[in-house]
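Heads up: the sequence shown begins at 1 in this note's numbering, then just goes up one per residue. Backbone N, C-alpha and C define an ideal beta-carbon position, used for all residues, glycine too. Structure record follows, encoded as structure tokens.
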Amino acid sequence: MKKLLLIFVLFLMPTIANPESIIHPEESRLKLVAVVVDWCPYCNKWQEEVVPSYNNIVPLVIINATSGKNIPQWYKKALKLKKVSKLRGIPAFIIWDDETEVELIRWVGYGGSDNFYQMLAKAINKAVEKQQLCSEIPTALERRSADVCKAEKIN
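Structure (structure tokens):
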């Protein structure tokens, strides 16, 4: 019994406690979408401090919404179909599920590099948990109305 408990603690517990650890870069359906504007000092600071050294299992897509002209078509379509919420602040960081084409998690603001990576880890963990819970719901119609599958804001 002790051996079984030891195996659980050493091998299974870290995966349960940290869903981020079960994501493999080549299999990840998630991406981090960062929405920034040129005139935002926090956006500029994030781009100076984080972007050059960003190396995470979740690919980064930066959308500069300053003029509104360079916004990707997939993002415009997602806004129109309400698969992504309108912005309520910037910089906005969105964990996006490429397969289901929906926003899973969002946070707004930049409080330094350390805080950013803490928020990113929290967001990825919540997104993986949401993906797992939503995948257990049998039909697309049920998933659309299930609270667990709706976008969530984190602080």
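Give the DSSP-derived three-state secondary structure of residue i in the structure shown.
i	result
residue 31	strand
residue 97	strand
residue 107	strand
residue 124	helix
residue 65	coil
residue 153	strand
residue 36	strand
residue 102	strand
residue 79	helix
Taking C-beta to C-beta, are residue i and residue j nearer than 8 Å?
i	j	result
residue 50	residue 116	yes
residue 96	residue 141	no
residue 65	residue 37	yes
residue 90	residue 43	yes
residue 63	residue 75	yes
To the nearest angstrom, how far is it from the Cα of residue i to the Cα of residue j?
i	j	result
residue 77	residue 98	13 Å
residue 84	residue 151	8 Å
Answer yes if the segment 90-107 comes into contact with the segment 126-142, meaning at least three C-beta pairs across the two stretches below 8 Å, and no otherwise.
yes
Cβ contact (3+ pairs, closer than 8 Å) linking the segment 135-153 and the segment 59-77:
no
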